[in-house]
Every structure is written in C-alpha cells, then in structure tokens.
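Quick notes on the structure that follows.
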Amino acid sequence: MNEISVPRPNSLDAFWMPFSDNRYFKGDTSRMLARAEGMSYFTPEGREILDGTAGLWCCNAGHGRREITEAIQRQAAILDFAPTFQLGHPIAFEAAARVAELTPEGLDRVFFTNSGSESADTALKIALAYHKARGEGTRVRLIGRERGYHGVGFGGMSVGGIGPNRKQFGALLPYVDHLPHTHGLKENLFARGQPQHGATLADALENLVALHGAETIAAVMVEPVAGSTGVLVPPVGYLQRLREICDRHGILLIFDEVITGFGRLGTHFGAERLGVTPDIMTMAKGLTNAAVPMGAVAVRNGIYDAIVDAAGPGIEFFHGYTYSGHPLAAAAAIATLELHKTEDLPGRARAIEPYWQEAVHSLRDAPNVIDTRDIGLIGGIELAPRPGKPGARATAVFRRCFDAGVLVRVTGDIVALSPPLIVERPHVDRIIGTLAEAIRAEAA
Ligand SMILES: Cc1ncc(COP(=O)(O)O)c(C=O)c1O
1 MNEISVPRPN
11 SLDAFWMPFS
21 DNRYFKGDTS
31 RMLARAEGMS
41 YFTPEGREIL
51 DGTAGLWCCN
61 AGHGRREITE
71 AIQRQAAILD
81 FAPTFQLGHP
91 IAFEAAARVA
101 ELTPEGLDRV
111 FFTNSGSESA
121 DTALKIALAY
131 HKARGEGTRV
141 RLIGRERGYH
151 GVGFGGMSVG
161 GIGPNRKQFG
171 ALLPYVDHLP
181 HTHGLKENLF
191 ARGQPQHGAT
201 LADALENLVA
211 LHGAETIAAV
221 MVEPVAGSTG
231 VLVPPVGYLQ
241 RLREICDRHG
251 ILLIFDEVIT
261 GFGRLGTHFG
271 AERLGVTPDI
281 MTMAKGLTNA
291 AVPMGAVAVR
301 NGIYDAIVDA
311 AGPGIEFFHG
321 YTYSGHPLAA
331 AAAIATLELH
341 KTEDLPGRAR
351 AIEPYWQEAV
361 HSLRDAPNVI
371 DTRDIGLIGG
381 IELAPRPGKP
391 GARATAVFRR
401 CFDAGVLVRV
411 TGDIVALSPP
421 LIVERPHVDR
431 IIGTLAEAIR
441 AEAA
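Listed below in structure tokens is the structure:
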C-alpha cells in the first residue's frame with residue numbers, strides 16, 4: 001500500500017457531515033477516502049476500496065477521468081465564472097444542447113441547477129408556472145409517491161415519501177399527496193428486471209383525482225426506478241398507466257432521473273428503457289460524472305413555450321441559481337457526455353447487465369436475504385432486519401465490506417449496488433463475493 005500524501009485534518013469538529021452518524025464517524029475515522037481512479041477509491045493509507053456504488057450513483061464513467069479533469073482545468077483558465085442572469089457564456093449553451101441531444105425527442109429545453117435537490121424543486125416550480133401561464137392557476141397540488149426521494153429542498157422533501165427525511169422539518173409544503181409505493185408484493189420477490197405484478201397500483205392516481213379534482217393537480221413526480229429508498233423497480237406497465245392517467249387529466253408527469261439518467265439502465269435515460277416519456281425530467285449526478293456539481297431539468301418544448309410566451313416583456317420565469325450553467329460544470333458535462341458517446345457507456349452497461357443480474361441474484365440463498373432485485377446496473381439485496389434493530393444488520397454488512405475493500409451502500413436493511421458503468425466481470429465477482437461473505441458473517 002502506498003500512503004497518499006494528502007493534508008490530514010487536525011480536527012473533525014467543524015465539518016457537520018450530511019446524512020451521517022457524525023458521532024460514530026468522528027470516533028472511528030477508518031472510512032476516509034483520499035484518492036480515486038477507475039473503479040476504485042483509495043484511503044489515505046493507500047488501501048484500495050472497489051467502488052460498488054459509483055460514489056453516490058454519480059461517477060458512471062469511473063473515477064479520475066483525465067478527459068473530464070482536463071476540460072475543467074482548461075475552462076478554469078479561460079473563464080472561471082460568469083453570470084447567466086441576463087448574460088450568457090457559450091459553454092453553458094453548448095452543454096444544454098448536448099443534454100438535449102440525449103433526452104427524449106421533444107424535451108429539448110434545459111434549465112441548469114447545481115444538484116438533484118435543486119432539480120426537483122425547479123421541476124415542481126416549472127409545473128406550477130406552466131399551469132398558471134395557461135390560465136389553470138388552480139392546479140397547485142403536487143403528487144409524489146411513498147418512499148420517493150427527490151432530495152432535501154422543501155419541494156422535493158414534501159413530495160418525497162421517506163418518513164425520516166421529513167419528520168424533523170415541520171409542516172412542509174401544503175397541497176401535497178402521495179401514491180402508494182410499488183414494493184412488497186409477494187409475487188414480485190426475487191424478480192429479474194421489472195416485476196410482473198402491480199401495474200394497477202398506478203390507478204391510485206385516479207383515486208386522488210376523484211378526491212381532489214383534476215383541476216387542482218399540477219404534477220406527479222416519481223423516480224422511474226426508486227434508488228435511495230432501496231431499489232424499487234417499477235412493475236411492467238405501471239409507468240405507462242401513470243402516463244395515461246396524467247394525459248387523461250392534464251396532469252404533468254415528472255420523472256426524477258437523478259440516478260437513472262446517463263446510462264445507469266443501459267440507455268441514456270430511464271424513460272427510454274422503460275418506454276414512457278415524461279413531460280419534465282430532472283437529472284444531476286452522472287451529468288458531470290460528479291466532478292463538478294451540476295443538475296438539470298429538461299422540459300417538453302411546449303412547456304417552455306407556454307411559460308415564455310405568456311410572460312410580459314422582461315424575465316419570464318422568476319427562478320434560477322447564481323451557478324446555473326457554471327462554466328466549470330458545463331465543461332465537465334460536455335466532457336462527460338462526450339465520453340458517454342465515444343465509449344458507449346450505456347452500451348457497456350447493457351452488455352454486462354446479464355452477468356450482473358446473475359451475480360446479484362446469486363445472493364438469494366445467502367442467510368437472511370429476503371429479496372434480490374435488479375435492473376440495468378442496479379442491484380438491491382434486502383436483508384431480514386435484526387429483531388428490534390432495523391438497519392443494524394445492513395450497517396454491519398456495509399462496515400464489513402468496507403474493511404474487506406469494497407464500497408456498498410445501505411439504506412435501512414437493503415444493500416443497494418450501482419457500480420460505475422465501466423465495471424468488468426472480475427469487479428462484479430469481487431463486489432458480490434465480498435458482499436456474500438459479509439452477509440454470511442452477519443448471519444447471527
Ligand atoms: C432520485 C433522486 N432525486 C434527487 C436526489 C438529490 O440529489 P442531490 O443530493 O444532488 O441534491 C437524489 C440523490 O440521491 C436522487 O436519488
């Protein structure tokens with residue numbers, strides 16, 4: 001192991017770590033990461049940790065990609081920052097055009113943000129502004145889904161359906177309702193790819209329409225495949241049914257593609273793989289390979305037109321971030337999307353998917369495994385919780401894997417896997433082999 005020369009912090013006190021057990025981490029700093037390259041992280045001591053999660057579902061092209069790093073360096077030397085409020089710089093327009101090349105046909109207008117959370121809130125605001133622009137200002141209700149994750153802004157959090165993420169924060173947004181999640185049908189256990197049962201769960205949207213009136217509902221936002229809540233793959237026909245109901249009632253359908261975008265399902269976006277085109281889609285993470293934070297929202301051209309055409313002279317949409325279209329992020333996005341093209345990263349994901357699927361489902365006989373599921377380069381392994389200690393078993397498995405040199409992600413008692421799309425068979429073997437050993441070691 002080669003120790004890596006990075007400055008060591010004198011104190012861990014100041015950094016309030018997000019979504020973390022700060023007290024545990026600061027008492028045991030063995031999970032520091034100092035460097036990354038290709039499929040792996042390296043600790044400050046130089047220990048390799050194989051990345052089974054693409055960071056946080058982000059680094060789809062693998063780590064430390066020279067092409068992206070150099071594009072950022074070049075751009076920093078040319079133009080460090082310029083506002084995009086009433087001004088422009090060429091690279092932001094170019095980045096938007098590159099995104100629009102990949103989005104489904106007709107979703108060619110792209111609004112830049114800095115994160116998935118900002119993308120979610122931006123999408124919801126666009127939906128509200130759209131209806132208002134068309135004289136349907138009564139459409140203010142936003143529908144999410146139980147167990148949905150749309151980041152941590154007030155919009156995304158309210159429409160999101162993960163209890164612990166909401167309960168510390170008061171009343172949240174009014175006029176929000178939720179569909180049932182699609183998980184838990186016994187017939188769907190150990191499904192390979194999309195499960196067969198549960199399309200009719202989408203009909204709950206009709207019930208909400210009956211309850212609230214279609215004229216009050218602006219949009220429905222769902223993840224095509226829910227990731228943060230532990231890999232919930234949509235049943236065959238479910239998203240199609242949601243689409244039909246939205247169309248019937250003039251409701252906008254928003255796909256949160258923050259993790260399903262940029263090759264994760266073997267296509268540019270989940271919409272393509274799952275055969276349903278939304279009106280609005282959010283993205284982030286894989287857009288820049290996470291080398292510089294950036295998010296985006298792509299909308300149907302008619303949505304942009306409606307908002308822009310309805311406005312009087314001057315600003316049309318009173319929303320934006322200082323860093324919308326930031327030059328370094330735009331440079332990183334262009335370089336990343338170029339890699340997607342030249343290396344056909346979605347094609348690589350498709351090619352290894354059958355091997356990945358076999359490997360994920362090989363865990364079904366490991367002790368306490370109560371479900372395995374997959375789609376694209378995503379795997380979910382659900383463990384039986386320890387009595388009275390939800391999440392404890394999976395957390396122990398996560399720590400064991402890390403100590404054995406493999407990074408996995410856990411949420412509750414579900415292990416969620418999402419390796420970089422450059423993953424190869426020996427990496428898959430190591431990720432799954434290490435996980436199997438850790439699950440066996442935590443059998444008690
Ligand atoms: C579907 C989805 N939406 C939104 C977000 C929030 O993204 P960010 O953490 O960049 O704000 C995430 C993050 O995991 C996500 O998975």
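Residue 1 is where the sequence shown starts when you use UniProt numbering, and the numbers rise one by one after that.
For every residue, glycine included, the Cβ atom is placed at its ideal position computed from N, Cα and C.
Can you tell me the Cα-Cα spacing of L265 and R350, whole angstroms?
As a first step, residue 265 is located in the sequence shown; it is residue number 265 there, counting from the start. As a first step, residue 350 is located in the sequence shown; it is residue number 350 there, counting from the start. L265 and R350 have their alpha carbons spaced roughly 8 Å apart.
Which residue's Cα is closest to the Cα of I4: R23, R35 and T29?
Position 4 of the sequence shown, counted from the first residue, corresponds to residue 4. Selected option, being the one with the closest Cα: R35.
Could you check whether L421 and R348 sit closer than 7 Å to each other, using their CB atoms as the reference points?
Taking the first residue of the sequence shown as 1, we reach residue 348 at position 348. Taking the first residue of the sequence shown as 1, we reach residue 421 at position 421. Closer than 7 Å, so yes.
In the DSSP output, which residue or residues are listed as bridge partners for E37?
The sequence position of residue 37 within the sequence shown is 37, counting from 1. DSSP output for E37 lists S40 as bridge partner(s).
Cα separation between I315 and D371?
Taking the sequence shown and counting its residues from 1, the one referred to as residue 315 is at position 315. Taking the sequence shown and counting its residues from 1, the one referred to as residue 371 is at position 371. Roughly 51 Å separates the two Cα atoms.
Residue from K26, R440, A214 and Y321 whose Cα sits closest to the Cα of F85:
Taking the first residue of the sequence shown as 1, we reach residue 85 at position 85. Among K26, R440, A214 and Y321, the Cα nearest to that of F85 is on Y321.
Does T122 have its Cβ less than 7 Å from a Cβ in chain B?
No chain B appears in this structure, which consists of one protein chain only.
Check whether the Cβ atoms of A218 and L128 lie closer than 7 Å to each other.
Along the sequence shown, read from residue 1 onward, the residue named residue 218 stands at position 218. Along the sequence shown, read from residue 1 onward, the residue named residue 128 stands at position 128. The answer is yes: Cβ separation under 7 Å.
Less than 7 Å separating the beta-carbons of L407 and G155?
The residue labelled residue 407 in the question sits at position 407 within the sequence shown. The residue labelled residue 155 in the question sits at position 155 within the sequence shown. No. Outside cutoff.
Cβ of S324 versus every heavy atom of ligand 1: is any distance shorter than 6 Å?
Residue 324 sits at position 324 when you count from the first residue of the sequence shown. Not under cutoff, so the answer is no.
Roughly how many angstroms separate the alpha carbons of A392 and P9, rounded to a whole number?
Within the sequence shown, residue 392 is the residue found at index 392, counting from 1. Within the sequence shown, residue 9 is the residue found at index 9, counting from 1. Near 29 Å, if we compare the C-alpha coordinates of P9 and A392.
So, are the CB atoms of A436 and I91 less than 7 Å apart?
Locating residue 436 in the sequence shown gives position 436, where the first residue counts as 1. Locating residue 91 in the sequence shown gives position 91, where the first residue counts as 1. No.
Beta carbon of A284, beta carbon of G135: below 7 Å?
Counted from its first residue, the sequence shown places residue 284 at position 284. Counted from its first residue, the sequence shown places residue 135 at position 135. Contact flag unset, no.
Drop a sphere of 10 angstroms on the beta-carbon of R440, count the other beta-carbons inside from all chains shown, and report buried for 16 or more, exposed for fewer.
The sequence position of residue 440 within the sequence shown is 440, counting from 1. With fewer than 16 Cβ atoms within 10 Å of its Cβ, R440 is classed as exposed.
Where G250 and H150 are concerned, what is the direct C-alpha to C-alpha distance, given to the nearest angstrom?
Within the sequence shown, the letter at position 250 stands for residue 250. Within the sequence shown, the letter at position 150 stands for residue 150. When rounded, the distance between both Cα atoms is 22 Å.
Are T336 and N289 touching if we call contact CB-CB under 7 Å?
For the purposes of this step, residue 336 is taken as the residue at position 336 of the sequence shown. For the purposes of this step, residue 289 is taken as the residue at position 289 of the sequence shown. A contact, by the Cβ cut-off of 7 Å.
Which stretch, first to last residue, makes up the alpha helix (DSSP H) that contains F93?
Counting from one through the sequence shown, the residue named residue 93 turns up at place 93. Where F93 is concerned, the enclosing alpha helix (DSSP H) stretches over P90 to L102.
When you compare each of L242, G405, M281 and L211 to T122 by their alpha carbons, which one comes out closest?
To locate residue 122, count along the sequence shown from 1; it is residue 122. When C-alpha distances from T122 are compared across L242, G405, M281 and L211, the shortest belongs to M281.
Between I245 and D279, how many whole angstroms is the CB-CB distance? I'm expecting something under 8 Å.
Numbered from its first residue, the sequence shown carries residue 245 at position 245. Numbered from its first residue, the sequence shown carries residue 279 at position 279. Actually they do not touch by this definition, with Cβ atoms about 13 Å apart.
In the structure shown, what three-state DSSP assignment does V233 receive?
By one-based count along the sequence shown, residue 233 stands at place 233. The answer is coil: DSSP assigns V233 none of H, G, I, E or B.
Compute the minimum distance between the beta carbon of A332 and the heavy atoms of ligand 1, and state whether it is under 6 Å.
Stepping through the sequence shown from its first residue, residue 332 is reached at position 332. The answer is no for A332.
Alpha-carbon spacing of I334 relative to S30, whole angstroms:
For the purposes of this step, residue 334 is identified with residue 334 of the sequence shown, where counting begins at 1. For the purposes of this step, residue 30 is identified with residue 30 of the sequence shown, where counting begins at 1. If I take the Cα positions, the gap works out to 35 Å.
Nearest to Y355 (by Cα), restricted to the options V428, T434, S119 and I72
For the purposes of this step, residue 355 is identified with residue 355 of the sequence shown, where counting begins at 1. That would be V428, whose Cα lies nearest to the Cα of Y355.
Less than 7 Å between the beta carbons of residue 448 and P235, yes or no?
Past the edges of the chain, shown from 1 to 444, lies residue 448, and the structure says nothing about it.
Let me check you understand the geometry: is the CB of S228 closer than 6 Å to at least one non-hydrogen atom of ligand 1?
As a position in the sequence shown, residue 228 is number 228, starting the count at 1. Answer for S228: yes, Cβ within range of ligand 1.
If I measure Cβ to Cβ from L102 and keep anything under 6 Å in the same chain, skipping five residues before and after, which residues do I get?
Here the question's residue 102 lines up with position 102 in the sequence shown. Hits under 6 Å: H268.
Given that a residue counts as buried once 16 or more other Cβ atoms are within 10 Å of its Cβ, and exposed if not, what is F15?
Position 15 of the sequence shown, counted from the start, is the residue given in the question as residue 15. Counting the other CB atoms within 10 Å of its CB gives F15 a total below 16, which places it among the exposed residues.
For ligand 1, is there a heavy atom less than 6 Å away from the beta-carbon of A284?
On the sequence shown, position 284 is the one that residue 284 refers to. Yes, the beta carbon of A284 sits closer than 6 Å to at least one heavy atom of ligand 1.
Taking the alpha carbon of A120 as the reference point, which residue from I254, A416 and P426 has its own alpha carbon closest?
Taking the first residue of the sequence shown as 1, we reach residue 120 at position 120. Measuring from the Cα of A120, the nearest candidate turns out to be I254.
For T216, which residues of its own chain have a beta-carbon under 7 Å away from its beta-carbon, when the five flanking residues on both sides are left out?
As a working mapping, residue 216 is identified with position 216 in the sequence shown. Contacts found: T138, R139, V140 and R141.
Tell me which residue opens and which closes the alpha helix (DSSP H) that M157 is part of.
Here the question's residue 157 lines up with position 157 in the sequence shown. It spans F154 to V159 - the alpha helix (DSSP H) in which M157 sits, taken as one unbroken run.
Indicate whether N2 and G46 have their beta-carbon atoms separated by less than 7 Å.
Walking along the sequence shown from the start, residue 2 turns up at place 2. Walking along the sequence shown from the start, residue 46 turns up at place 46. For N2 and G46, yes; Cβs fall inside 7 Å.
For a test of your reading of the model: does the CB of G144 fall under 6 Å from any non-hydrogen atom of ligand 3? Yes or no.
The model depicted lacks ligand 3 and carries ligand 1 instead.
Helix, strand or coil at L265 according to DSSP, with G and I counted as helix
Residue numbering aside, residue 265 sits at position 265 when the sequence shown is read from its first letter. L265 falls in the coil class under three-state DSSP.
Which residues does DSSP list as the beta-bridge partners of R373?
Here residue 373 refers to the residue found at position 373 of the sequence shown. For R373, which the question treats as bridged, DSSP gives the partners G380.
Could you tell me whether the segment 156-166 touches the segment 186-206, where touching means 3 or more Cβ pairs closer than 8 Å?
no
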